[in-house]
Amino acid sequence: MYLNGEFGSHPSDVNPYAASTFYAVDRYASWKKVWGDYYRGGGLVLSDRYTTSNAVHQASKLPEAEWEGFFRWLFDFECGKLGLPLPDLVVYLDMPTEQAVRLLRSREASTHTKGDIHEVDTGYLALCRKTALRAADCLGWVKIPCVDGAGALRSMEDIHRDIWAAAARILG
């Protein structure tokens, strides 16, 4: 409902603490019903959206001076209060907003779809990138650039090598 715009057409229409709880409870339900037992049994879980995504999208709605406090609140809520596991590794794939928007619009055109309330707002996406870079620094995420020094997109193989190198340090 939230991403479909039923609570407003702009991300700021729902305060970040309320919006965060929607995602947190969804993750909790998934943990309890789908992957919690597997994880507790030693299974490896790889996620492309987790508390970290919530941290970026929701903190960006707050004044910059409040971001780090929000990160602390969110991780305490999800990992401390709800009992979700802390990630062992977070890889942030960094791409300049302009290039990310071009890729999003290309995907929308090729799939005849429309982005959600976050994806259609370029200013919001730029702010999310800034928030993500701060979160990466504060929370110890591994940042991997998706463009080279000249601003060209790196190959998927190149990016994959960097991701694998980061994962290998954790996996041993």
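For what it's worth, my numbering labels the leading residue of the sequence shown as 742, then goes sequentially. In this text, a Cβ means the ideal position worked out from N, Cα and C, and glycines have one as well. Note that the coordinates shown come from a computational prediction; the quantities given were computed from them, not determined experimentally.
Point to revise | Burial state of K802 (16 or more Cβ within 10 Å) | key: By the beta-carbon neighbour count (other beta carbons within 10 angstroms, threshold 16), K802 is buried.
Point to revise | CB-CB length for Q799 against F811, believed under 8 angstroms | key: 7 angstroms
Check your understanding: From L912 to M897, what distance separates their C-alpha atoms?
Key -> Distance between the alpha carbons of L912 and M897: 21 angstroms.
Exercise for review: Just grab the DSSP bridge partners of P886 for me.
Suggested key: D835
**Study point:** Run of the alpha helix (DSSP H) containing D899, from where it starts to where it stops
**Key:** Segment 897 to 912, the alpha helix (DSSP H) holding D899.
Practice item. Would you kindly check if the distance between the Cβ of W772 and the Cβ of L834 is under 8 angstroms? Key: no
Review point. Closest to H901 by CA distance: which of Y764, A891, G890, K884 is it?
Key: Checked all of Y764, A891, G890, K884; the closest Cα to H901 is K884.
Check your understanding: If we ignore side chains and look at the alpha-carbon of each, how far apart do A891 and D903 end up?
Key -> 18 angstroms
Review point. Closest to F818 by CA distance: which of Y779, A796, M836 is it?
Key: A796
Practice item. Please name the residue in G783, P828, P752, E805 whose C-alpha comes closest to that of L880. Key: P828
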